[in-house]
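In the numbering used here, the protein residues as written are 38 to 104. Every residue gets a Cβ at the ideal spot worked out from N, C-alpha and C, and that includes glycine.
#1: Per DSSP, what kind of secondary structure is residue 71 in: helix, strand or coil?
#2: Whose C-beta lies closer than 7 angstroms to the C-beta of residue 51 among residues of the same chain, with five residues either side of it excluded?
#3: Let's see if you can read the secondary structure: which residues bound the beta strand (DSSP E) around residue 51?
#4: Quick check: the Cα distance between residue 89 and residue 70, rounded to an integer number of angstroms?
#5: Taking the C-alpha atoms as reference points, what is the distance between residue 55 and residue 77?
#6: Measuring from the CB of residue 93, is there a heavy atom of the ligand ATP at a distance below 7 angstroms?
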């Protein structure tokens with residue numbers, strides 16, 4: 038996934054909270070969390086981090102690709 042695209046998407050849709058390889062955890066303006074992109078390993082790392090440091094978050098996991 039193109040990290041520039043994640044940064045642009047995050048700026049228009051919410052705040053980038055953390056990055057895990059090519060995955061990005063985004064907090065949307067409405068308060069929801071979303072994990073975008075990344076490999077299976079990136080997403081596993083993100084899920085572990087979320088369970089330790091943001092266990093109140095229940096992110097939507099999407100494997101969006103840049104267009």
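Straight from the coordinates:
#1: In the chain shown, residue 71 corresponds to position 34, counting from 1. In this structure, residue 71 counts as strand in the three-state DSSP scheme.
#2: What you label residue 51 is simply residue 14 of the chain shown in a count that begins at 1. If we look at residue 51 and ignore the five residues flanking it on each side, its Cβ neighbours are 63, 64, 65, 66.
#3: Your numbering for residue 51 matches position 14 in the chain shown. Taken as a continuous stretch (DSSP letters only), the beta strand (DSSP E) holding residue 51 covers 51-57.
#4: Sequence index remark: in the chain shown, residue 89 carries index 52 (1-based). Sequence index remark: in the chain shown, residue 70 carries index 33 (1-based). Looking at the two C-alpha atoms, the distance is approximately 15 angstroms.
#5: In the chain shown, counting from the first residue as 1, residue 55 sits at position 18. In the chain shown, counting from the first residue as 1, residue 77 sits at position 40. The straight-line gap from Cα to Cα measures roughly 16 angstroms.
#6: The model on display carries no ligand, and the ligand ATP is accordingly not part of it.
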